[in-house]
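K.L.:
Numbering (the numbering used here), first residue to last: 10 to 58.
Encoded structure:
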C-alpha cells in the first residue's frame with residue numbers, strides 16, 4: 010500500500026536504507042504484465058517433469 014502522500018514508501022526507504030522509486034503502470038501496461046505472467050507460466054509448464 011502506498012499510503013497517504015507516499016508515506017509508506019518514505020518509511021520503508023528510511024527503515025531499509027534503500028531509495029525506493031514508485032513507477033505507476035497504465036492499464037494497458039498492467040494488462041501486458043498480466044499477459045506476460047501467463048505466458049511465462051505456460052512456458053514453464055512446458056518444461057515440468
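C-beta: ideal position from N, C-alpha, C; glycine also.
Alpha helix (DSSP H) containing residue 50: first to last residue?
P.N.:
Residue 50 -> alpha helix (DSSP H) spans 36–55.
K.L.:
Would residue 34 and residue 15 be called neighbours here (beta carbons separated by less than 9 Å)?
P.N.:
No, these two residues do not count as a Cβ contact at 9 Å.
K.L.:
Quick check on residue 18: does DSSP put it in helix, strand or coil?
P.N.:
Looking at residue 18 - three-state DSSP - the assignment turns out to be helix.
K.L.:
Using the C-alpha atoms, what's the distance from residue 38 back to residue 22?
P.N.:
Whole-angstrom Cα-Cα distance: 26 Å.
K.L.:
Considering only the beta carbon of each residue, do residue 24 and residue 12 sit closer than 9 Å?
P.N.:
No, the Cβ-Cβ distance between residue 24 and residue 12 is not below 9 Å.
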